[in-house]
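Engineer: Residues 6 to 201, numbered by the numbering used here, are exactly what the sequence shown covers, in order.
Yeah, the Cβ is synthetic: ideal placement off N, Cα and C, and Gly gets one too.
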Amino acid sequence: MTFSSIEEILGLFHRWGTDHYDEDITQLDHALQCAAHARAADAPPSLIAAALLHDIGHLLDLEAGGTVEHPISSHHEDVGAASLTGLFPTSVTAPIALHVRAKRYLTAVEPAYLSGLSTGSLASLERQGGPLDPAQVATFESNPGANDACALRRWDDLGKVEGLVVDPLDSYVDVLRGLCAASGWPTSADGAGPLR
Ligand SMILES: [Fe+2]
Numbered sequence: 006m007t008f009s010s011i012e013e014i015l016g017l018f019h020r021w022g023t024d025h026y027d028e029d030i031t032q033l034d035h036a037l038q039c040a041a042h043a044r045a046a047d048a049p050p051s052l053i054a055a056a057l058l059h060d061i062g063h064l065l066d067l068e069a070g071g072t073v074e075h076p077i078s079s080h081h082e083d084v085g086a087a088s089l090t091g092l093f094p095t096s097v098t099a100p101i102a103l104h105v106r107a108k109r110y111l112t113a114v115e116p117a118y119l120s121g122l123s124t125g126s127l128a129s130l131e132r133q134g135g136p137l138d139p140a141q142v143a144t145f146e147s148n149p150g151a152n153d154a155c156a157l158r159r160w161d162d163l164g165k166v167e168g169l170v171v172d173p174l175d176s177y178v179d180v181l182r183g184l185c186a187a188s189g190w191p192t193s194a195d196g197a198g199p200l201r
């Protein structure tokens, strides 16, 4: 599935955002908390959007009939990044595609990072292949998107606080539209989004 408008993304959040994430919060809570961390860090708009949308592959999986416990795809990062390529630049999609690998990287190079992972993240780490080996570490570090992916990953790990009140989804619509327009998509006269 490839998104062709911001409205489709918002619709997906409205349909599936209240579903449970694999921690004690909802999918939408997690996305908003990650984006709030990016905002608080004065991250560029593309990285704020990446933080907000990094797990959209999970929502697409739920819509396709999967569950958190039994997803259809075991690579939500790839599904999510691919779904956004028509609307957003690689500065948004690359950190999303790399955020699982960034976790595997950080667990390989930072012992303290590994010990700080939540129970859910530790369980998924094993399914995702565990810490990168030295050759994989070197390859990851050579990727120009590695730093952004690691920043996103750390916000991802922080964005699991039950009951935390943060900026709502609507507060990110202008950020998403701005990135969409910068990607070359024409926006309609009333600002309602891309024409197609
Ligand atoms: Fe996440």
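1) Candidates Ser9, Asp60 and Leu67: which alpha carbon is nearest Ala86's?
2) Using the beta-carbon count (16 or more within 10 Å), is Thr23 buried or exposed?
3) Less than 7 Å separating the Cβ of His35 from some heavy atom of ligand 1?
4) Return the Cβ separation of Pro100 and Ala154 in integer angstroms, given the expectation that the two are a contact with Cβ distance under 8 Å.
5) Determine contact between the stretch 164–175 and the stretch 102–118, defined as no fewer than three beta-carbon pairs at a distance below 8 Å.
6) Shorter than 7 Å, the distance from the beta carbon of Asp60 to the closest heavy atom of ligand 1, or not?
7) To the nearest angstrom, how far is the alpha carbon of Gln133 from that of Val105?
8) Take the Cβ of Pro76 as the centre, count every other Cβ of all protein chains shown within 10 Å, and call the residue buried at 16 or more, exposed below.
9) As a quick exercise: from Val180, Arg20 and Asp172, pick the residue whose alpha carbon is nearest that of Ile53.
10) Alpha carbons only, please: which of Pro139, Ser188 and Ser176 is nearest the one belonging to Gln38?
11) In the DSSP output, which residue or residues are listed as bridge partners for Thr95?
12) Rounded to whole angstroms, how far is the Cβ of Gly70 from the Cβ of Thr7, which I believe are closer than 8 Å?
13) Using the beta-carbon count (16 or more within 10 Å), is Ala55 buried or exposed?
14) Following a CB-centred definition, is Asp153 positioned closer than 7 Å to any heavy atom of ligand 1?
15) DSSP state of His35, grouped into three classes?
Structural biologist: Reading off the structure:
1) Numbered from its first residue, the sequence shown carries residue 86 at position 81. It is Asp60 whose Cα lies nearest to the Cα of Ala86.
2) Taking the first residue of the sequence shown as 1, we reach residue 23 at position 18. Thr23 comes out exposed.
3) Here the question's residue 35 lines up with position 30 in the sequence shown. With a cutoff of 7 Å, His35 counts as near ligand 1, since its C-beta is closer than that to a heavy atom of the ligand.
4) Your numbering for residue 100 matches position 95 in the sequence shown. Your numbering for residue 154 matches position 149 in the sequence shown. 5 Å between Cβ atoms; contact.
5) No contact exists between the stretch 164–175 and the stretch 102–118.
6) Position 55 of the sequence shown, counted from the start, is the residue given in the question as residue 60. It does: the Cβ of Asp60 is within 7 Å (strictly closer) of some heavy atom of ligand 1.
7) Walking along the sequence shown from the start, residue 133 turns up at place 128. Walking along the sequence shown from the start, residue 105 turns up at place 100. Approximately 8 Å between the Cα atoms of the pair.
8) For the purposes of this step, residue 76 is taken as the residue at position 71 of the sequence shown. Pro76 sits buried, since 16 or more C-beta atoms from the chains shown fall within 10 Å of its C-beta.
9) One-based indexing of the sequence shown puts residue 53 at position 48. Nearest option by C-alpha distance: Val180.
10) Along the sequence shown, read from residue 1 onward, the residue named residue 38 stands at position 33. If you compare the alpha carbons of Pro139, Ser188 and Ser176 with that of Gln38, the shortest gap goes to Ser176.
11) The residue you call residue 95 lines up with position 90 of the sequence shown. None; Thr95 has no bridge partner.
12) Here residue 70 refers to the residue found at position 65 of the sequence shown. Here residue 7 refers to the residue found at position 2 of the sequence shown. Contact between Gly70 and Thr7 does not hold, since the beta-carbon distance rounds to 19 Å and is not under 8 Å.
13) For the purposes of this step, residue 55 is taken as the residue at position 50 of the sequence shown. Classification of Ala55: buried, given that the 10 Å Cβ count is 16 or more.
14) Sequence index remark: in the sequence shown, residue 153 carries index 148 (1-based). Not under cutoff, so the answer is no.
15) Along the sequence shown, one-based indexing puts residue 35 at 30. Three-state DSSP puts His35 in a helix.
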